[in-house]
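Visitor: Residue numbers (the working numbering), protein chains in the order written: chain X, 112 to 487; chain G, 112 to 487.
Ideal placement from N, C-alpha and C gives every residue a C-beta, glycine not left out.
Predicted, not measured: the structure shown is a model, and the values here were computed from it.
1) Kindly list, in the order they appear in chain X, the residues whose Cβ is closer than 8 Å to that of residue 429 of chain G.
2) Go ahead and pull the three-state DSSP assignment for residue 457 of chain X.
3) Pull up the DSSP beta-bridge partners for residue 128 of chain G, would you.
4) At 9 Å on the CB atoms, spell out the chain X contacts of residue 445 of chain G, in chain order.
5) Quick test of the definition: if touching needs 3 or more C-beta pairs under 8 Å, does the segment 255 to 270 of chain G touch the segment 206 to 220 of chain G?
6) Expressed to the nearest angstrom, what Euclidean distance is found between the alpha-carbon atoms of residue 179 of chain G and residue 237 of chain X?
7) So what's residue 117 of chain G in DSSP terms, helix, strand or just coil?
8) With contact counted as at least three CB pairs below 8 Å, one residue from each stretch, are the segment 132 to 151 of chain G and the segment 413 to 433 of chain G in contact?
9) Can you tell me whether DSSP reads residue 168 of chain X as helix, strand or coil?
10) Along the segment 152 to 173 of chain G, where does the CB come closer than 8 Å to a CB of chain X? Name the residues.
11) Quick one: give me the first and last residue of the alpha helix (DSSP H) that residue 267 of chain G is part of.
12) Where do the N-terminal and C-terminal ends of the alpha helix (DSSP H) with residue 480 of chain G fall, by residue?
13) Can you name the residues of chain X whose CB is closer than 7 Å to the CB of residue 439 of chain G?
14) Establish whether the CB of residue 199 of chain G and some CB of chain X are separated by less than 7 Å.
15) Applying a beta-carbon distance threshold of less than 8 Å, which residues of chain X neighbour residue 463 of chain G?
16) Using a Cβ-Cβ cutoff of 9 Å, what residues of the segment 404 to 419 of chain X are near chain G? List them in chain order.
17) Spatial neighbours of residue 366 of chain X within its chain, please: CB distance less than 7 Å, with the 5 preceding and 5 following residues excluded, ordered by chain position.
18) So, do the segment 196 to 206 of chain G and the segment 181 to 188 of chain G have three or more beta carbon pairs nearer to each other than 8 Å?
19) For the beta strand (DSSP E) containing residue 158 of chain G, list its first residue and its last residue.
20) Suppose you measure from the CA of residue 219 of chain X to the CA of residue 413 of chain G; what does that come to, to the nearest Å?
21) Determine the extent of the beta strand (DSSP E) in which residue 227 of chain X is found, giving its start and end residues.
22) Starting from residue 146 of chain G and walking both ways along the beta strand (DSSP E), at which residues does that stretch end?
23) With DSSP as the reference, identify every bridge partner of residue 235 of chain X, one or two as the case may be.
24) What does the alpha-carbon distance come out to for the pair residue 280 of chain X and residue 315 of chain X?
25) Identify the contact partners of residue 436 of chain X in chain C, using a Cβ-Cβ distance below 7 Å as the criterion.
26) Which residues in the same chain have their Cβ closer than 7 Å to the Cβ of residue 283 of chain X, if we skip the five residues on either side of it in sequence?
27) Taking only the alpha-carbon atoms, compute the straight-line gap between residue 334 of chain X and residue 388 of chain X and give it to the nearest angstrom.
28) Quick one: Cα of residue 361 of chain G to Cα of residue 379 of chain G, how far?
29) Could you pull out every unbroken beta strand (DSSP E) segment of at least 3 residues lying fully inside the segment 348 to 391 of chain X, listed in chain order?
30) What separation, rounded to the nearest whole angstrom, lies between the Cα atoms of residue 216 of chain G and residue 235 of chain G?
31) Residue 114 of chain G: buried (16+ other C-beta within 10 angstroms of its C-beta) or exposed?
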């Protein structure tokens, strides 16, 4: 036994769980939302702000970082924590998803995937072993296996083929992780359940991965444009076959509503670019629902986004000023709305944790949704 | 006598002066650099950061603010200090310079200038009286007279015509200011000396404006592309004819070197977009000279910009990370370099003030320039 990774569930309320992951770099309170620091920065925020909103862990994108500044370079700079000034846990994805969505001239084989950088056209290869190596060079704490992310819709045969390839890649990822990572480094490997929206394939994937006895598991391949009901049905069909004592991470999700509904179905961890991306485009997530700060109705609204918030971006700046900054395409508008949104997502997760602990999660969800619907 | 505005010179060293302006909203230590908050935000910085760098006063642009969000709207929002969360002194320009450089379909008459907004084509008029009214609506503390800013090169006749029109506009500005502003509001009107690079015209302008007995005077019409030597010669030909006991403000200047040389010639106040604009484009001003963070030599340079600085942007982030952020066009790179640059400009002014007080300004200039030349 080492203290590299442990997960404890402190309370349950229906399928929802409130717990904590303990790692040498810090505790991760779950349900947890991980702000996305694509290229070693949570866009528009200082790391001090990210931390103060309540984030315990951030995510880094292997695809972006391997291309620029490069994994070996990040390692020479002391790793991602040191480079980006975030001493707390970091999760990195495997690079697979963004190879499929961003890179050019992708070529997939049993061994891995070759592709060209979207930045400079340079050629790269990503195998399960290289993905682990890169994430190790980045100094990641939670390392994700390489998986094949296919575009939907796809036939069941195609979904099954990719899912089974991802299982074989999980086995290779585990072997590579065990060769490379020493006990005490504070790292853990997560597997990724695939299988599209087919319950049988999801179950097959979950059970095969469970046999590998990894410290945590993600649900991949969702939040790629399907209706929310389909996503939630897939979670319901998948989560029961994932190890009950291990954290469940829903990749790339989602809206505040997606988070609440997924927590109700037993998900413990999330990441999404939505709060920062929406913030850059003038949208604020708040207790009162989504606000488009470009809307003229905010032009002379001197109230802050939410005076009851403890986040300075939310509490201290008038909507009128945010409207002006947004209309004027001023950086400060993007900075403040991104900060507000990360703050709101963290507050939402803090509320969920408290409600689960109190056995009142359903009430919390109902009240939160009523607030969004009511507006002000 | 009111406490609206007072200027005290505490020390002189050659023509350089170290002093302070006292206004109800705070003290302005001179020589002073005023960060430019074009549209009610110093681009990329939080006001708390601006303040912490040592800024006593910021500048707002009348042209931008009158068009968006509009002067009457800013007034309804409680004024610029309230809207932008900067409770300290604010200087606003008159709008004249940007009408000439940004607006379309300008038409000048004795009465003022009509133009079309560069944002939406709407038609506006700026007269000396309306400029004072707008600046009053913005809640400005140091209000600038409207002047005519002509493009150089221009004939002496044209320069003289515009300079004399600007004197008549100064008289109208003073009358409008006295009608509109009550004692105790904490406002002061500055005149603007024009006259191109012609010493006779500069003297005529300075003497005519001095007769109006305004609390302070600017030197306008410089830093528009002329060589530094020409700018400095013009300052030398102008400053002696400006009231010795009143602050002298060199508008729109400049590089760190421009600031040092102008202080040596008796200038007390500056504003310039250079530190924030350069920051957005990857340039850092430091004790070691200008650094282009896009340069590959910084890719693995783990040193901060200047470990001896008290500014977090300068002291706490590696050059390698700044290089990565800049190459990746990440907002945080622009934020940090803008912050560093404003911090450096403020540190430079603090150094100048201390050196003048110690009677060692020439040594300070020589050492500072040697540092830039030496690099590291």
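Guide: The short version:
1) Under the 8 Å cutoff, chain X gives 188, 194.
2) Helix, per DSSP.
3) Residue 128 of chain G is bridged to G:123.
4) Those within 9 Å of residue 445 of chain G in chain X are 442.
5) In this structure the segment 255 to 270 of chain G lies against the segment 206 to 220 of chain G, because at least three pairs of beta carbons, one per stretch, are closer than 8 Å.
6) Answer to the nearest angstrom: the Cα atoms are 49 Å apart.
7) Strand at residue 117 of chain G.
8) Verdict: no, contact absent.
9) In the displayed model, residue 168 of chain X falls within coil according to three-state DSSP, outside both helix and strand.
10) Residues 152, 154, 155, 156, 157.
11) Start and end: 267 to 291.
12) Its alpha helix (DSSP H) spans residues 472 to 485.
13) Residue 439 of chain G reaches chain X at 150, 179, counting residues in chain order whose Cβ is nearer than 7 Å.
14) Judged by the 7 Å Cβ criterion, residue 199 of chain G is not in contact with chain X.
15) Chain-ordered listing is empty here: chain X has no CB closer than 8 Å to the CB of residue 463 of chain G, the nearest sitting near 29 Å.
16) From the segment 404 to 419 of chain X, only 410, 411, 413 have a Cβ closer than 9 Å to chain G.
17) Cβ contact annotation for residue 366 of chain X (same chain, cutoff 7 Å, sequence separation greater than five): 385, in chain order.
18) Contact fails: fewer than three Cβ-Cβ distances are below 8 Å.
19) Not the beta strand (DSSP E): residue 158 of chain G falls in the alpha helix (DSSP H), residues 158 to 163.
20) Their Cα atoms are separated by approximately 37 Å.
21) Run containing residue 227 of chain X: 224 to 227, per the beta strand (DSSP E) assignment.
22) Here the beta strand (DSSP E) through residue 146 of chain G covers 143 to 146.
23) DSSP lists X:226 as partners of residue 235 of chain X.
24) Cα to Cα, the separation comes out at about 15 Å.
25) Judged by its chain identifiers, the structure shown contains no chain C, and its protein chains are X and G.
26) Result list for residue 283 of chain X: 239, 240, in chain order.
27) Looking at the backbone, the Cα of residue 334 of chain X and that of residue 388 of chain X are separated by about 16 Å.
28) Their Cα atoms are separated by approximately 8 Å.
29) 359 to 361, 380 to 383, all fully within the segment 348 to 391 of chain X.
30) Straight-line Cα distance between these residues: approximately 11 Å.
31) By the neighbour-count criterion, in which a residue is buried when 16 or more other Cβ atoms sit within 10 angstroms of its Cβ, residue 114 of chain G is exposed.
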